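Let me begin by presenting the structure, written as structure tokens, before commenting on it.
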Amino acid sequence: MALIERKEYTDWLKRYRDKKIIKVITGLRRVGKSTIFELYIAQLLKEGVAPEQIIKINFEELENEPLLDRRALYRFLSSRLLPDRKLYIFLDEVQRVPEFEKVVDSLFVKDNVDLYITGSNAKFLSSEIATLLTGRYVEINVLPLSFREYSDHFAASGKDRRALFMDYVTYGALPGMFMFDTGSAEQREYVESVYKTILEKDVLRRNSAASRQLVESLLSYLVYNIGCLTSAKRISDTLNSNGTKVSYNTVNSYIETLQDCFFIYKADRYDIVGKEYLKLINKYYVTDFGFKYYILNNRTVELSQILENLVFLELKRRRFKIATGKIAEKEVDFIVKDAHDGLIYIQVAVTVMDEAKLEQELRPFREIEDNYPKYIITLDDLFVKDHDGIKTVNALDFLLGQPL
Numbered sequence: 043m044a045l046i047e048r049k050e051y052t053d054w055l056k057r058y059r060d061k062k063i064i065k066v067i068t069g070l071r072r073v074g075k076s077t078i079f080e081l082y083i084a085q086l087l088k089e090g091v092a093p094e095q096i097i098k099i100n101f102e103e104l105e106n107e108p109l110l111d112r113r114a115l116y117r118f119l120s121s122r123l124l125p126d127r128k129l130y131i132f133l134d135e136v137q138r139v140p141e142f143e144k145v146v147d148s149l150f151v152k153d154n155v156d157l158y159i160t161g162s163n164a165k166f167l168s169s170e171i172a173t174l175l176t177g178r179y180v181e182i183n184v185l186p187l188s189f190r191e192y193s194d195h196f197a198a199s200g201k202d203r204r205a206l207f208m209d210y211v212t213y214g215a216l217p218g219m220f221m222f223d224t225g226s227a228e229q230r231e232y233v234e235s236v237y238k239t240i241l242e243k244d245v246l247r248r249n250s251a252a253s254r255q256l257v258e259s260l261l262s263y264l265v266y267n268i269g270c271l272t273s274a275k276r277i278s279d280t281l282n283s284n285g286t287k288v289s290y291n292t293v294n295s296y297i298e299t300l301q302d303c304f305f306i307y308k309a310d311r312y313d314i315v316g317k318e319y320l321k322l323i324n325k326y327y328v329t330d331f332g333f334k335y336y337i338l339n340n341r342t343v344e345l346s347q348i349l350e351n352l353v354f355l356e357l358k359r360r361r362f363k364i365a366t367g368k369i370a371e372k373e374v375d376f377i378v379k380d381a382h383d384g385l386i387y388i389q390v391a392v393t394v395m396d397e398a399k400l401e402q403e404l405r406p407f408r409e410i411e412d413n414y415p416k417y418i419i420t421l422d423d424l425f426v427k428d429h430d431g432i433k434t435v436n437a438l439d440f441l442l443g444q445p446l
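If you read the sequence shown in the numbering used here, its first letter stands for residue 43, the second for the next number, and so on.
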């Protein structure tokens with residue numbers, strides 16, 4: 043199967059090529075981090091880098107088990123340094139090497155080394171490691187295929203973009219799915235196997251006290267309530283009322299574990315008037331919708347929740363800092379901060395064709411006194427583009443790359 047181009051990520055790597063800085067790729071298991079390395083290495087070879095200048099080690103492969111010892115790994119890599127040419131080193135799932143940061147730090151100070159690493163757990167960039175490597179690395183978080191990547195892949199299918207969108211939200215966008223026919227039993231079994239692997243290896247194994255039933259109940263709550271304000275206390279109260287006995291601290295610990303393995307993402311709540319973050323109440327979003335059937339046992343999620351989740355992920359792809367907003371008693375779906383610390387306010391709605399629904403989305407914006415841009419993102423094809431400076435954008439255009 044031909045590799046799916048992930049140009050956003052390979053271009054990012056290319057921008058930092060040969061710079062004295064460690065390139066770090068993070069993301070959910072099976073989201074395509076290794077493939078991004080393969081695509082980028084193919085570019086290097088095409089541009090004249092010799093094969094002996096490239097070392098790629100995947101620490102999940104059995105043949106590399108001897109290199110899980112940091113001293114053995116360092117000896118192996120040191121012996122292949124080239125005195126007069128750059129050596130490009132790719133360490134995939136490097137968190138499996140205990141104290142890997144010592145190897146990385148030692149390689150970093152060598153001349154003629156360009157270093158790239160991946161990890162599927164946020165803890166591998168824990169505070170101690172970040173302190174050791176401070177100022178020495180840049181990080182990009184990899185997500186499943188964007189709707190633009192998905193649409194490009196299926197460009198020859200003959201389906202219009204709305205049909206592709208429904209496939210996208212129904213089956214998910216893990217790159218490995220496309221070995222199989224869309225909607226096939228094989229594709230469903232693949233997604234289920236990825237879900238079970240993440241649950242077993244990245245959640246239960248890394249939290250020794252975790253109960254599978256409890257974690258699955260927590261995931262079910264989070265996915266069913268996508269886009270809803272919640273807290274660890276509210277979740278623990280709900281689970282207890284449903285007969286699942288669990289403490290606030292346990293719920294909080296499991297949520298952190300799910301975030302650490304990039305299964306879910308949190309959006310903090312921001313008080314627009316008070317200009318402060320409200321730490322106890324948040325929203326959570328799932329990384330890929332293909333998992334929802336195995337988590338919810340065939341319960342459905344509203345299209346409005348799915349759309350809000352997809353907009354969140356697209357904003358994250360664009361490397362915005364994202365929060366949800368509070369203005370008096372009203373809610374703004376997203377407040378995003380760009381690279382220049384400018385703000386953008388966003389409401390997400392399946393439709394604003396109904397006058398009352400339109401007014402509901404506009405009302406919070408009218409109470410915001412600053413002049414930062416404000417947008418409504420909707421699946422409507424027909425809409426008024428401007429409401430006194432508040433812009434309306436078609437959601438599919440936005441998901442296909444239209445800038446705000």
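Where a beta carbon is used, it is the ideal one built from N, C-alpha and C, also for glycine. If you're wondering where the values come from, they're calculated on a predicted model, not measured in any experiment.
Buried versus exposed call for residue i [16 or more other C-beta atoms within 10 Å across all chains shown]
i: aspartate 439; result: exposed
i: proline 108; result: exposed
i: tyrosine 387; result: buried
i: threonine 329; result: buried
i: valine 394; result: buried
i: threonine 342; result: exposed
i: lysine 321; result: exposed
When the options are compared against residue i, the one with the closest alpha-carbon
i: isoleucine 364; options: Ala370, Leu345, Gly384 and Gln347; result: Gly384
i: arginine 59; options: Lys238, Tyr82, Glu231 and Asp202; result: Tyr82
i: lysine 399; options: Leu355, Leu104, Asp422 and Leu187; result: Asp422
i: glutamate 65; options: Phe207, Phe150 and Leu86; result: Sequence check: residue 65 is lysine here, not glutamate. The residue with the shortest Cα to Cα distance from lysine 65 is Phe150.
i: glutamate 401; options: Asp380, Asn413, Thr434 and Ala381; result: Thr434
i: isoleucine 348; options: Val394, Gly367 and Thr212; result: Thr212
i: lysine 287; options: Tyr266, Cys303, Glu102 and Ser259; result: Ser259
i: tyrosine 237; options: Lys62, Ile277 and Gly218; result: Gly218
i: valine 457; options: Ile182, Ser262, Ile410 and Val73; result: Only positions 43 to 446 of the chain appear in the structure, and residue 457 is not among them; the question remains open.
i: glutamate 102; options: Glu356, Ile96 and Leu110; result: Leu110
i: alanine 44; options: Ser121, Asp412, Ile78 and Ile159; result: Ile78
i: aspartate 153; options: Glu141, Gln137, Ser120 and Pro140; result: Ser120
i: leucine 115; options: Ile99, Phe376 and Ile432; result: Ile99
First and last residue of the uninterrupted beta strand (DSSP E) at residue i
i: glutamine 402; result: That residue, glutamine 402, is in no beta strand (DSSP E); its alpha helix (DSSP H) goes 397–408.
i: glutamine 389; result: 385–391
i: arginine 311; result: 306–313
i: phenylalanine 376; result: 372–379
i: leucine 187; result: Looking at the DSSP string, leucine 187 is not in any beta strand (DSSP E), and its letter there is neither H nor E.
Inter-residue spacing [alpha-carbon to alpha-carbon] between residue i and residue j
i: leucine 129; j: alanine 84; result: 15 angstroms
i: threonine 272; j: arginine 254; result: 22 angstroms
i: lysine 146; j: arginine 204; result: Going by the sequence as given, residue 146 is valine instead of lysine. Cα to Cα, valine 146 sits roughly 46 angstroms from arginine 204.
i: asparagine 284; j: isoleucine 323; result: 21 angstroms
i: arginine 248; j: glutamate 298; result: 11 angstroms
i: lysine 379; j: phenylalanine 362; result: 6 angstroms
i: alanine 274; j: tyrosine 296; result: 10 angstroms
i: aspartate 428; j: proline 406; result: 16 angstroms
i: glutamate 231; j: alanine 215; result: 14 angstroms
i: leucine 187; j: glycine 332; result: 12 angstroms
i: glutamate 80; j: lysine 416; result: 40 angstroms
i: arginine 138; j: leucine 124; result: 26 angstroms
i: glycine 161; j: glutamate 47; result: 20 angstroms
i: leucine 70; j: phenylalanine 305; result: 6 angstroms
i: alanine 370; j: isoleucine 377; result: 15 angstroms
First and last residue of the uninterrupted alpha helix (DSSP H) at residue i
i: lysine 49; result: 49–57
i: tyrosine 414; result: Counting along the chain, tyrosine 414 falls outside any alpha helix (DSSP H), and DSSP gives it neither H nor E.
i: phenylalanine 142; result: 142–150
i: lysine 334; result: 334–338
i: isoleucine 46; result: Careful: isoleucine 46 lies outside any alpha helix (DSSP H) and carries neither H nor E.
i: aspartate 209; result: 203–213
Under 9 angstroms between C-beta atoms of residue i and residue j
i: isoleucine 418; j: leucine 404; result: yes
i: threonine 292; j: leucine 264; result: no
i: valine 392; j: threonine 366; result: no
i: isoleucine 240; j: tyrosine 326; result: no
i: isoleucine 131; j: leucine 104; result: no
i: valine 184; j: threonine 280; result: no
i: leucine 174; j: glutamate 135; result: no
i: isoleucine 314; j: lysine 368; result: yes
i: valine 390; j: glutamate 344; result: no
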